[in-house]
Structure formats: structure tokens, C-alpha cells
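Just below is one structure, and these are the notes that go with it.
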Amino acid sequence: MRNLLLHPRTALLCRILLGLAFIAAALPKISDPPGFAKAIWAYELFPPWSLSPLALLLPWLELVCGLALCLGFWPRAAALWVAGLLVAFMVALSINLARRHPVDCGCFGATAHHTEAERLEDMRWALARDAGLLLLALQCLWAGRGRPLESGPAHGQQI
Amino acid sequence: MAKATSSLPLQMLALAGLAGIAALLSNLSAPASRRLAWQGSLPVPALAAGPSQAALQPPPAPEAPAPKPDEGIRPLPPLAPLPPLPPKAPLPVAPSQAPPAPAVLAPAPAPIQEISAAEAWKAFQAGTPFLDARRSADFAEGHIAKAWSAPVWESDLEDRLFSFKAARRPGPEDPIVIYCSGGDCKDSHLLAAKLLEQGYFRLLIFREGFPAWVAQGRPVEKGQP
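So the protein sequences, as listed, match chains A and B.
Per the working numbering, residue 616 is the first one in the first sequence, and the count goes up by one each step.
Per the working numbering, residue 106 is the first one in the second sequence, and the count goes up by one each step.
Structure, rendered in C-alpha cells:
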């Protein structure tokens with residue numbers, strides 16, 4: 616089991632899947648920063664001054680890390696960022712779920728209008744999805760332990 | 106390996122820096138409707154603790170008379186064009202030196218009120234200006250006839266409001282109807298809070314918003330603002 620989990624192909628698959636998920640999440644937000652700022656505002660967790668910087672920076676950080684994961688460029692650094700972001704997303708969702716404050720996730724851009732019950736249900740699914748992605752990120756970090764940071768073939772052969 | 110491990114934070118910083126540069130360039134080249142000011146322009150501070158509950162009150166009875174100047178409710182000077190009050194202007198309440206005449210003195214109306222679809226239709230027929238607080242793309246797909254686009258989340262909101270004020274020259278007491286997409290949409294409340302800060306004291310939020318307007322077959326238009 617351990618061998619299967621740490622098999623290079625498993626690691627490659629996890630890395631690509633995680634990277635693609637983050638690229639897919641980033642693109643709609645990059646194309647509409649005001650919409651994402653509104654989504655962040657709805658969480659009622661962030662001070663007003665932080666909304667614009669977050670809405671502008673986060674999607675690009677997701678895209679850069681997603682591309683890095685897919686291309687195998689600094690994959691551990693990217694996986695650490697991604698894991699940190701996922702934990703932050705899960706905390707934000709959990710706080711709002713705990714106080715039963717329905718918000719549109721905003722994870723993959725703006726969503727259509729929902730009822731409050733639908734939103735809360737979506738938030739639970741988003742939480743589960745983030746947990747799954749976090750497992751992928753942890754696999755990337757685990758499989759990358761003891762390996763060179765630049766896991767491309769050229770660097771791998773040098774060390 | 107030790108060297109490689111110690112460079113992990115540097116790599117993370119480099120990734121973040123790359124994202125920051127990309128965000129900067131992307132935002133610079135974005136059209137106004139998709140741009141964000143890095144600081145300050147979002148209309149959220151007034152709403153941080155909820156949608157203007159302090160300034161909001163249920164819709165008045167439709168036949169409630171407008172306050173008359175001789176009732177001493179609001180001794181404002183005759184309407185000067187566009188006299189935005191200072192941001193810290195007190196909310197419009199009855200002055201303390203007003204004569205104690207409860208039979209005559211109606212309570213001062215809250216500056217932000219919610220109105221129903223029927224009241225919105227009356228306001229429309231009376232020629233009251235309508236402001237559409239939704240995104241400009243939604244406005245282009247369809248909006249209340251003759252409404253002005255004022256998307257609260259877009260970077261050119263101030264320019265759009267300036268155009269509206271220059272064209273309609275609303276006085277601080279003139280009613281302005283604000284709407285968004287109904288339901289739990291808070292954009293119209295955000296816009297109302299912003300206009301209140303700018304010195305407008307009769308802001309009517311059409312709470313059911315554009316979907317109700319369409320459902321009732323009221324006049325709509327399409328196209329860019």
C-alpha cells in the first residue's frame with residue numbers, strides 16, 4: 616500500500632490532478648476580479664482593505680502554483696502553497712458553516728443564485744472537495760520528501 | 106540537500122512574487138469593468154456590520170405624505186445643485202430645537218428605505234431615477250428602462266455616479282430607486298450606503314429587484330450603459 620501511494624506514477628498523477636484543479640479554479644477568478652472580491656466579502660471574515668489585494672493575488676497564486684505542479688517546476692514549494700491555501704479555504708468555509716451563514720463558495724468563480732439550503736449544501740461539498748485536494752497536496756509533499764526540489768529529469772540526474 | 110531544503114521558502118516567495126507581478130500586470134491591462142483598485146474603492150466599510158440596518162426601515166405606507174419643509178423636520182436650504190455633504194454628516198433626524206408638536210411632527214423618514222414592486226412601479230411612472238447596482242454585464246443583458254448602471258463592485262463606479270448626477274442633478278431630498286437582482290442580493294444596499302455618504306437622503310431600495318420587474322412585465326431595455 617505504501618509502495619503504491621509513493622509510486623512515482625501515483626505521485627505524478629496526484630501532482631497533475633492537483634495542478635489542473637488549481638488552474639481550473641484560478642481562470643474564472645482571474646477573468647473577473649470584482650466578482651471574486653464580492654465572493655470574498657460575502658464570507659465576512661476579511662477587513663475591507665484586504666478584499667482587493669486578496670481578490671487580485673489569490674487567483675494568480677493559484678494559477679502559478681497549478682502550472683508549477685503540472686510542469687513539475689518547484690513542485691514542493693507549489694504543493695506547500697496549495698496545501699496552505701486549501702487549509703485556509705477549509706477554515707473559511709468551516710467558520711461560515713458553523714455559524715450557518717450561507718455563502719457562495721467562489722472557488723471556481725461566480726455561481727448561480729441558490730437558496731440558503733442549497734448554498735449550505737454546496738459549502739459542505741466544497742469542504743469535502745478541499746479535503747480531497749489537501750490529501751493530494753500531502754501526497755505530493757510526502758512523495759517529494761528526500762528528493763531534489765527541482766524534480767525535473769535533468770535536475771534529478773544531477774544530484 | 107540541506108541547501109535545497111533551505112531554498113524552499115525562497116521558492117515559495119518566488120512563486121508568490123511571480124503571482125504578484127502577474128496580478129499587477131493583469132489588473133493594469135483589464136477593462137474598467139474587470140479592474141480593481143488595489144486599495145480603497147470598494148464600498149464595503151459601511152456594510153461591514155451588515156446591510157445598513159441602522160439606516161434601514163420597512164417601507165412606509167404608500168400614501169405616507171412626504172415631509173413638508175414647514176414642519177421643521179429637515180431645515181435644509183433650497184436645493185443647491187449637487188451639494189454633497191461631508192462624509193460624517195449626521196443622519197437626517199428631527200433637530201432638537203423642533204417644537205414639541207407630536208400631532209404635527211411626523212417621524213423623520215429613514216434615509217434608506219425598502220420599497221415593494223408596486224411602489225417601484227409608482228416611482229417609475231413618476232419619473233424617479235433608477236440605479237442598477239448589478240454588474241455591468243448583467244445590466245447589458247437587460248435592465249429597467251432608463252435605469253442608470255452603477256455596478257458597486259466595478260472600478261468605474263465613481264465615474265458612472267458622476268455621469269448620473271451630472272445628467273439628473275438629484276438634490277439630497279430627491280428620491281432615487283436602487284435595485285439589484287432581488288433575493289439576498291446586497292449590492293443595492295451597498296450602493297445606497299455609498300450614496301448616503303455622498304449626501305443623498307431618500308434612497309429607495311426596490312428589494313425584489315430586476316427579476317420581479319421582469320415577471321410583472323414592466324418596461325425593460327437591453328444594451329450597454
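Backbone N, C-alpha and C fix where the C-beta goes; we use that ideal spot for every residue, glycine too.
Since the structure is predicted, the reported quantities are computational estimates derived from the model, not experimental observations.
- Item | A657 (chain A) versus A:W675, A:D719, A:H622, residue with shortest Cα-Cα distance | Minimum Cα distance to A657 (chain A) is reached at A:D719.
- Message: What are the residues in the stretch 740-759 of chain A lying within 8 Å of chain B by C-beta distance?
- Response: Answer set for the stretch 740-759 of chain A: empty.
- Item | Neighbour flag for K193 (chain B) against chain A, beta carbons, 8 Å | In this prediction, K193 (chain B) scores a pLDDT of 40, lower than 50, which makes its location untrustworthy; no coordinate-derived value is stated.
- Contact list for the stretch 663-683 of chain A against chain B, Cβ threshold 7 Å: Cβ contacts with chain B come from P663, W664, L666, S667, P668, A670, L671, L672, W675, L676, V679, C680, A683.
- Message: For chain B, check one thing: does any of its Cβ atoms lie closer than 8 Å to the Cβ of D647 (chain A)?
- Response: The beta carbon of D647 (chain A) sits closer than 8 Å to some beta carbon of chain B.
- Cα-Cα separation between A725 (chain A) and P114 (chain B), rounded to whole angstroms: Cα to Cα, the separation comes out at about 32 Å.
- Taking Cβ-Cβ distances below 7 Å as the criterion, which residues of the stretch 690-716 of chain A are in contact with chain B? So the list reads R691, A692, A693, L695, W696, given in the order they occur along the chain.
- Looking at the structure shown, is L236 (chain B) part of a helix, part of a strand, or coil, going by DSSP? Per DSSP, reduced to three states, the secondary structure at L236 (chain B) is strand.
- Return the first residue and the last residue of the alpha helix (DSSP H) that Q230 (chain B) is part of. Taken as a continuous stretch (DSSP letters only), the alpha helix (DSSP H) holding Q230 (chain B) covers 222-230.
- Element boundaries [alpha helix (DSSP H), containing V718 (chain A)]: Judged by DSSP secondary structure, V718 (chain A) falls outside any alpha helix (DSSP H); it is assigned neither H nor E.
- Given that L113 (chain B) touches chain A, what residues does it touch there, using C-beta distances under 9 Å? Near L113 (chain B) (Cβ distances below 9 Å), the residues of chain A are W689, R691, A692, L695, L764.
- Message: Please confirm whether A320 (chain B) has its beta-carbon closer than 8 Å to some beta-carbon of chain A.
- Response: So no, A320 (chain B) is outside the interface.
- Neighbouring residues, chain A, relative to L120 (chain B) (Cβ below 8 Å): Chain A residues near L120 (chain B): L676, V679, C680, A683, W689, A692, A693, W696.
- Distance, C629 (chain A) Cα to F229 (chain B) Cα: Going from the Cα of F229 (chain B) to the Cα of C629 (chain A) covers about 57 Å.
- Proximal residues to R624 (chain A) (C-beta, below 6 Å), its chain only, five neighbours per side dropped: For R624 (chain A), same chain residues with a beta-carbon under 6 Å away, outside a window of 5 residues either side, do not exist.
- Message: With a threshold of 6 Å on Cβ separation, who are the neighbours of P324 (chain B) within its own chain once the five nearest residues in sequence on each side are excluded?
- Response: Only A250 meet the Cβ criterion.
- Shorter than 8 Å from the beta carbon of A127 (chain B) to some beta carbon of chain A? Yes, because at least one Cβ of chain A sits closer than 8 Å to the Cβ of A127 (chain B).
- Message: Looking only at its chain, what residues have a beta carbon closer than 8 Å to the beta carbon of V679 (chain A), apart from the 5 residues adjacent to it on each side?
- Response: So the list reads A693, once near-sequence residues are dropped.
- Message: I believe A297 (chain B) touches L308 (chain B) by the beta-carbon criterion, under 8 Å. Please report the beta-carbon distance rounded to the nearest angstrom.
- Response: For A297 (chain B) against L308 (chain B), the beta-carbon gap comes to about 4 Å, under 8 Å, which counts as contact.
- Item | the stretch 640-649 of chain A / the stretch 684-693 of chain A touching (three or more Cβ pairs under 8 Å) | The stretch 640-649 of chain A vs the stretch 684-693 of chain A: no contact.
- Own chain, CB closer than 8 Å to L152 (chain B), minus 5 neighbours either side, in chain order: Caution applies to L152 (chain B), whose pLDDT of 44 falls short of 50 and renders its modelled position unreliable; the model cannot decide the point.
- Beta-ladder partner(s) of Y284 (chain B), from DSSP: Note: Y284 (chain B) sits in a beta bridge opposite B:D237, B:F311.
- Query: G724 (chain A) bridges to which residues according to DSSP?
  - Reply: Partner(s): A:C722.
- Query: Which residue comes first and which comes last in the alpha helix (DSSP H) that contains V697 (chain A)?
  - Reply: Segment 690-713, the alpha helix (DSSP H) holding V697 (chain A).
- Query: If you follow the alpha helix (DSSP H) that L295 (chain B) is part of, which residue opens it and which one closes it?
  - Reply: 292-302 is the extent of the alpha helix (DSSP H) around L295 (chain B).
- Message: I want to see whether chain A comes within less than 8 Å of Q329 (chain B), judged by CB atoms only; does it?
- Response: It does not; no Cβ of chain A falls within 8 Å.
- Query: Where do the N-terminal and C-terminal ends of the alpha helix (DSSP H) with E659 (chain A) fall, by residue?
  - Reply: Boundaries for E659 (chain A): no alpha helix (DSSP H) harbours it, and the DSSP string shows neither H nor E there.
- Task: Tell me, please, whether the CB atom of L123 (chain B) is closer than 8 Å to any CB atom in chain A?
- Result: So yes, L123 (chain B) belongs to the interface.
- Query: Pairing CB atoms from the stretch 660-678 of chain A with CB atoms from the stretch 118-132 of chain B, are three or more of them under 8 Å?
  - Reply: Touching, per the Cβ criterion.
- Task: Give a yes or no on whether the minimum CB-CB distance between S134 (chain B) and chain A is below 8 Å.
- Result: Not closer than 8 Å to any Cβ of chain A, the Cβ of S134 (chain B) fails to qualify, so no.
- Item | Length of the line joining the Cα atoms of L669 (chain A) and A231 (chain B) | Taking the straight line joining both Cα atoms gives about 43 Å.
- Item | Euclidean distance between Cα positions of M705 (chain A) and A320 (chain B) | One C-alpha to the other measures close to 38 Å.
- Rounded straight-line distance, which links the Cα of G314 (chain B) to that of G304 (chain B): Distance between the alpha carbons of G304 (chain B) and G314 (chain B): 24 Å.
- Task: Along the alpha helix (DSSP H) that carries G276 (chain B), what are the first and last residues, could you check?
- Result: Per DSSP, G276 (chain B) lies in no alpha helix (DSSP H) and is assigned neither H nor E.
- Message: Just to confirm my understanding: we take L742 (chain A), look at its own chain, exclude 5 residues before and 5 after, and list those with CB closer than 8 Å. What are they?
- Response: Answer for L742 (chain A): M705, L708, S709, L712, listed in chain order.
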